[in-house]
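A short write-up of the structure that comes next.
In this note's numbering, the protein residues as written are 42 to 440.
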């Protein structure tokens with residue numbers, strides 16, 4: 042079976058990590074995965090290819106979160122040409138299933154339906170505004186043979202998805218238990234390499250530097266918590282992108298306003314090809330994402346695999362991943378005081394911190410391993426091959 046996974050974003054993130062691990066796990070089941078990415082600057086192509094994933098690039102415009110009409114015009118102008126290129130790719134690679142990553146870019150689904158190829162359309166987060174969800178979901182329901190969402194909560198906020206019955210398959214991001222382990226590497230060495238002292242209490246967050254991740258709320262929470270535990274430090278690991286340069290600069294300014302010295306009290310580690318040393322150096326994992334951001338964040342599952350207690354905001358399907366009060370705490374978004382309080386509760390109870398970590402890893406192995414994710418995807422592929430609906434003609438009408 043040949044699967045084409047189309048992702049419209051060039052900077053490595055959750056969908057790319059999913060593709061990397063799925064390609065490896067599904068290969069053991071006889072499934073070959075090709076990943077299609079946009080031909081533009083970003084670190085995703087190199088990271089996937091370095092891991093042995095088959096990657097193809099081509100010009101791929103996408104809907105952007107901007108009112109500027111020029112961006113949307115380029116998207117519309119390029120749509121027909123890019124759909125045609127994807128159709129050729131589907132034919133040339135003898136693709137059996139096309140997997141679309143994300144709500145708002147329909148190119149691959151249109152191309153697949155015109156080639157009479159089954160479509161698995163994945164909705165990966167809650168970022169698009171509700172008005173756009175209302176616009177896009179009828180197209181998703183029409184073009185897809187199955188919809189997969191990162192958690193049930195994501196399906197519930199996308200009109201029509203929750204009522205799809207067998208055509209809906211929730212899934213969670215994959216992590217390899219044998220790769221992410223608390224026993225990976227030496228904790229003291231990792232802390233020293235990242236500039237932390239043995240007595241520091243390190244809060245780590247993994248997420249690209251964009252407003253959806255709410256890193257500013259983490260910085261404010263850390264400043265509040267340091268009034269009680271001044272040994273608290275912050276490590277943020279995530280890639281920056283030119284489109285979010287102002288946000289990155291704002292984080293640095295905010296750190297200064299909060300008396301958090303960059304390089305001493307807060308470290309911006311940038312994009313890390315391996316986040317395990319950063320997780321291994323930490324005491325608590327914190328995700329401060331804002332509403333309209335996440336699905337089920339991969340970074341949380343990686344932290345749980347590394348036996349870190351988690352403090353995360355109640356967005357997307359986070360509550361389906363983190364058991365509040367058992368593997369960490371789930372707090373309201375955009376509430377630095379709540380974040381700080383949860384962090385201090387964990388840091389003030391060594392026994393609870395250890396038990397959260399132990400239970401978190403056990404839960405992650407059972408529900409979020411790469412093999413479990415591959416099993417769910419393979420069942421979805423087999424379902425759409427058995428139950429494929431008629432394709433579209435070149436003008437978009439049903440055959």
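Heads up, the beta-carbon is just placed ideally off N, CA and C, and yes, glycines get one too.
Relative to the alpha-carbon of residue i, which residue among the options has its alpha-carbon at the smallest distance?
i	options	result
residue 386	135, 45, 266	266
residue 104	192, 149, 274, 49	49
residue 441	321, 331, 175, 262	Shown here, the chain extends from 42 to 440; a query on residue 441 therefore has no answer.
residue 328	285, 269, 341, 139	341
residue 278	312, 392, 193	312
residue 289	248, 315, 318	248
residue 143	62, 188, 71	188
residue 372	363, 360, 355, 361	355
residue 253	213, 58, 167	167
State the DSSP-derived secondary structure class of residue i, mapped to helix, strand or coil.
i	result
residue 412	helix
residue 43	strand
residue 257	helix
residue 98	strand
residue 147	coil
residue 210	strand
residue 79	strand
residue 430	coil
residue 311	strand
Tell me residue i's beta-bridge partners as DSSP assigns them.
i	result
residue 365	369
residue 469	A question about residue 469 goes unanswered here, because the residues of the chain that appear run from 42 up to 440.
residue 441	Because the chain in this structure spans residues 42 to 440, residue 441 falls outside the shown range and cannot be described.
residue 73	43
residue 328	353
residue 296	Residue 296 pairs with nothing; no bridge assigned.
residue 131	Paired residue(s): none; residue 131 is not in a bridge.
residue 92	Answer by DSSP bridge pairing: none, since residue 92 is not bridged.
Roughly how many angstroms separate the alpha carbons of residue i and residue j, rounded to a whole number?
i	j	result
residue 99	residue 79	5 Å
residue 358	residue 404	15 Å
residue 228	residue 272	17 Å
residue 439	residue 186	Interpretation of residue 439 is limited by its pLDDT of 46, a score under 50 that renders its predicted location unreliable; no figure is taken from the coordinates.
residue 60	residue 415	10 Å
residue 243	residue 55	23 Å
residue 163	residue 322	33 Å
residue 402	residue 324	15 Å
residue 87	residue 389	42 Å
residue 165	residue 118	26 Å
residue 423	residue 137	10 Å
residue 152	residue 127	6 Å
residue 58	residue 96	13 Å
residue 333	residue 174	12 Å
With residue i and residue j assumed to form a contact (beta carbons below 8 Å), what rounded beta-carbon distance in angstroms separates them?
i	j	result
residue 375	residue 282	With a Cβ gap of about 22 Å, residue 375 and residue 282 do not count as contacting.
residue 369	residue 352	6 Å
residue 226	residue 377	At roughly 31 Å, the Cβ-Cβ gap does not stay under 8 Å, so residue 226 and residue 377 are not in contact.
residue 343	residue 221	5 Å
residue 192	residue 337	4 Å
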